[in-house]
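> Taken in order, these protein sequences are the chains called A and B.
Taking full-length UniProt numbering, the leading residue of the first sequence gets 1, the next gets one more, and so forth.
Taking full-length UniProt numbering, the leading residue of the second sequence gets 1, the next gets one more, and so forth.
Take a look at the following structure, please.
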Amino acid sequence: MQLIPCPWCGPREEAEFHYGGQAHVAYPADPSAMPDEEWAKFVFFRDNPSGPFAERWSHSAGCRRWFNAVRDTRTHDLLAVYRLDEPRPVIS
Amino acid sequence: MTDLPEHPDFLWDNPEPRKSYDVVVVGGGGHGLATAYYLAKQGITNVAVLEKGWLAGGNMARNTTIIRSNYLWDESSGIYEHSLKLWEGLEEDLGYPILFSQRGVLNLAHSLQDVRDSVRRVEANKLNGIDAEWVDANGVKEICPIVNISPDVRYPVLGATFQPRAGIAKHDYVAWGFARAAHELGVDLIQNCEVTGITTAGGRVTGVETSRGRIAAGKVGLCAAGHTSVLARMVGLDLPLTSHPLQALVSELLEPIHPTVVMSNAVHVYVSQAHKGELVMGAGIDSYHGYGQRGSFHIIEQQMAAALELFPVFARAHLLRTWAGIVDTSPDASPIIGLTPVENLFLNCGWGTGGFKATPGVGDVFAATIARGKPHEYAEPFALDRFTTGALVDEHGAAAVAH
């Protein structure tokens, strides 16, 4: 089973976590002015790369806090773990 | 030392790719091979199927082979029932055995809401001319005696929908049958040929870059299942898809004990017994995005717990092997089929956990869409623009595996 390093609790088993999908998806700044195409992008379209991907996780069976991670979707390796208010780390 | 038996004739050639084709189909799985076959059948034979690995070595070799058409909405009934009807004549059409076995499928209901949804779906199926019935717990026991219908379990079986014409087929044979038939009609099946780029000029597709050189194409059809997002990005096209590992497993060979197919959406296991005797079981998808073709152990653990509660007789069966395929799930659990903003580039993706059952149907419908340059009537509701217009075909309740 994969170990996921919670920023607050340290490495814990994957089964303690809940997946939250793509990170850094901001709510529209001016929703009422947004055309349908952009609403569709916001609601339904998410990045789906084969490679590093910034995503959200919640340590739902532990501290219950959300955090972000960059994970390689090919190998499942967690390349970085960081707090929600931090920018996505640059991964070389 | 005795001689080894003579090697059987190969079912298809391995030609060098030509410089140009009328149609290039990307992906040599069930959907790609079926698309090429139905294109060739209507006279479009200057066609290549490009496969980055070996033919039908991706999801086609990794699925649990279940075939059914008991979906809720008219749009889905159209395409899945079209497919089931093609399955019923496919062995004769291809002249190749596919071991299609119409042993029926039970979709179990475990709560009052499950029961209401199931009965609604049965009535919807009947209105669409699809065979379906509601059976209570005793009816489940009659159809599949090894199901535990005791009320004293966490998720008791309250009944099930039953589609008698549903069943399974031998996935490898299906692929080989399509490959052989397409090859005989003149289609080039090119293995070990990875598409690394899609070339366009003036908003129109002109060909593909591959690991074996550039191939010009009048039209390009994408049939790459879990990897479609990666291909579409090559022309700057975003799709409402996320790719996830979907796991399955088989037991050792057992005597025939399981006469039908049993699926449970609520506890997340679906089981049939293969022709040779293995119990074939599927799980739910792993929650996270992934392309690694392996999944999480705890998903299998949950799946086995569910299987044992439903089928106590499995307790002593040995697990033989597990694997994962990469499925591309869409927000409404329905596929995306049809045209793209790039002229002559066609899309067939988003089948999520249930693409196998559609193999002949989508082959036929997608081939017609490519040939005509406009959507076949069964493809029309599954256009990419439904995510903007809001005309979704929400099949989460009938998809049987949560996406």
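Every residue gets a Cβ at the ideal spot worked out from N, C-alpha and C, and that includes glycine.
If you draw a straight line from the alpha carbon of K276 of chain B to that of L84 of chain A, how long is it in whole angstroms?
When rounded, the distance between both Cα atoms is 52 Å.
> Enumerate in chain order the residues of its own chain whose CB-to-CB distance from G226 of chain B is below 6 Å, with the five nearest sequence positions on each side excluded.
Only S243, I326, V327 and D328 meet the Cβ criterion.
> For chain B, check one thing: does any of its Cβ atoms lie closer than 8 Å to the Cβ of H76 of chain A?
For H76 of chain A, the answer is yes, since a Cβ of chain B falls inside 8 Å of its Cβ.
> Counting only the same chain and skipping the five closest in sequence on each side, list residues whose C-beta sits under 6 Å from that of G197 of chain B.
Excluding positions up to five away in sequence, the list reads E209 and M234.
> Between which two residues does the alpha helix (DSSP H) carrying A399 of chain B extend?
Where A399 of chain B is concerned, the enclosing alpha helix (DSSP H) stretches over H396 to A399.
> Please give the ranges of any alpha helix (DSSP H) in the region 82–141 of chain B, keeping only runs that are unbroken, at least 4 residues long and fully inside the region.
Listed in chain order, they are 112–127.
> Roughly how many angstroms lie between the CA atoms of A333 of chain B and D3 of chain B, to the nearest whole one?
Distance between the alpha carbons of A333 of chain B and D3 of chain B: 53 Å.
> Below 8 Å on the Cβ atoms is my contact criterion, and I expect L108 of chain B with S264 of chain B to pass it. Report the Cβ-Cβ distance as a whole number of Å.
Right, the Cβ-Cβ distance comes to about 4 Å (below 8 Å), so this counts as a contact.
> Helix, strand or coil, according to DSSP, for M263 of chain B in the structure here?
Strand at M263 of chain B.
> Mind checking the region 38–57 of chain A against chain B and listing, in chain order, the residues whose C-beta falls within less than 9 Å of any C-beta there?
Of all residues in the region 38–57 of chain A, W39, A40, K41, V43, F44, F45, R46, D47, N48, P49, S50, G51, F53, E55 and W57 have a Cβ within less than 9 Å of some Cβ in chain B.
> So, does the CB of H396 of chain B fall closer than 8 Å to a CB anywhere in chain A?
Output row for H396 of chain B: interface = no.
> Name the chain A residues that come within less than 8 Å of T242 of chain B, Cβ to Cβ?
Chain A residues near T242 of chain B: G21, R46 and N48.
> Enumerate, from N- to C-terminal direction, the unbroken beta strand (DSSP E) stretches of 3 or more residues contained entirely within the region 5–31 of chain A.
Segments of the beta strand (DSSP E) lying fully in the region 5–31 of chain A: 10–13 and 18–22.
> If you reduce the DSSP assignment to three classes, tell me which class P381 of chain B lands in.
Note: P381 of chain B maps to helix in three-state DSSP.
> Do Y155 of chain B and V267 of chain B have their C-beta atoms closer together than 8 Å?
Yes, these two residues count as a Cβ contact at 8 Å.
> Which whole-angstrom value is the C-beta distance of L222 of chain B and G27 of chain B, which I expect to be below 8 Å?
Contact holds; Cβ gap of about 7 Å.
> Quick one: is S32 of chain A buried, meaning 16 or more other Cβ sit within 10 Å of its Cβ, or exposed?
Per the 10 Å Cβ criterion, exposed.
> Which bits of chain B does A80 of chain A rub up against, with CB to CB less than 7 Å?
Neighbours of A80 of chain A on chain B: none; closest Cβ ~16 Å, over 7 Å.
> Do you know offhand how far P151 of chain B's Cα is from L310 of chain B's?
Distance between the alpha carbons of P151 of chain B and L310 of chain B: 11 Å.
> Under a CB-based cut-off of 8 Å, is D85 of chain A close to chain B?
Taking Cβ atoms only, chain B never reaches closer than 8 Å to D85 of chain A, which makes this a no.
> Less than 8 Å between the CB atoms is what I'm expecting for L246 of chain B and V195 of chain B, so what's the real figure, rounded?
Not quite, the Cβ-Cβ distance comes to about 23 Å (not below 8 Å), so this is no contact.
> On the premise that Y37 of chain B lies in contact with G363 of chain B, defined as a C-beta separation below 8 Å, what is that separation, rounded to the nearest angstrom?
That belief holds up - the Cβ atoms of G363 of chain B and Y37 of chain B are roughly 6 Å apart, short of 8 Å.
> Hey, out of B:T206, B:R204 and B:S211, whose CA is closest to I190 of chain B's CA?
Answer by Cα proximity: B:S211.
> According to DSSP, simplified to helix, strand and coil, what is W73 of chain B?
Of the three classes helix, strand and coil, the one that applies to W73 of chain B here is coil, per DSSP.
> From what residue to what residue does the alpha helix (DSSP H) around D172 of chain B run?
That run of the alpha helix (DSSP H) goes H171 to E184.
> Leaving aside the five residues before and after E343 of chain B along the sequence, list all residues of the same chain whose C-beta is less than 8 Å from its C-beta, in chain order.
Once the five neighbours on either side are set aside, the close Cβ partners of E343 of chain B are G203, R204 and V205.
> Pull the bridge partners of I336 of chain B from the DSSP assignment, please.
I336 of chain B is bridged to B:C349.
> Hey, out of B:A379, B:H171, B:V269 and B:V153, whose CA is closest to residue 420 of chain B's CA?
No information on residue 420 of chain B is available, as it lies outside the stretch 1 to 403 that chain B covers here.
> Compare the beta carbon distance of G20 of chain A and R56 of chain A with 8 Å and say whether it is the shorter of the two.
Contact flag set, yes.
> Nearest-angstrom Cα distance between F162 of chain B and G104 of chain B?
In a straight line, the C-alpha of F162 of chain B is about 7 Å away from that of G104 of chain B.
> Within 8 Å, do at least three Cβ pairs link the region 56–73 of chain B to the region 111–130 of chain B?
With the cut-off at 8 Å, the region 111–130 of chain B and the region 56–73 of chain B touch.
> Checking the sheet assignment: what are the DSSP bridge partners for G221 of chain B?
In the DSSP output, where bridge partners are listed per residue, G221 of chain B has B:V25 and B:F346.
> Looking at the C-beta of D30 of chain A, does it have a partner C-beta in chain B at a distance below 8 Å?
Judged by the 8 Å Cβ criterion, D30 of chain A is not in contact with chain B.
> My output table needs one value for L253 of chain B: the three-state DSSP class, helix, strand or coil.
DSSP places L253 of chain B in strand when its eight states are reduced to three.
> Distance cutoff 8 Å, beta carbons only. Does M1 of chain A sit that close to anything in chain B?
Yes - at least one Cβ of chain B is within 8 Å of the one on M1 of chain A.
> Going by alpha carbons, who is nearest to R74 of chain A out of B:Y288, B:A307 and B:A306?
R74 of chain A has its Cα closest to that of B:Y288, out of B:Y288, B:A307 and B:A306.
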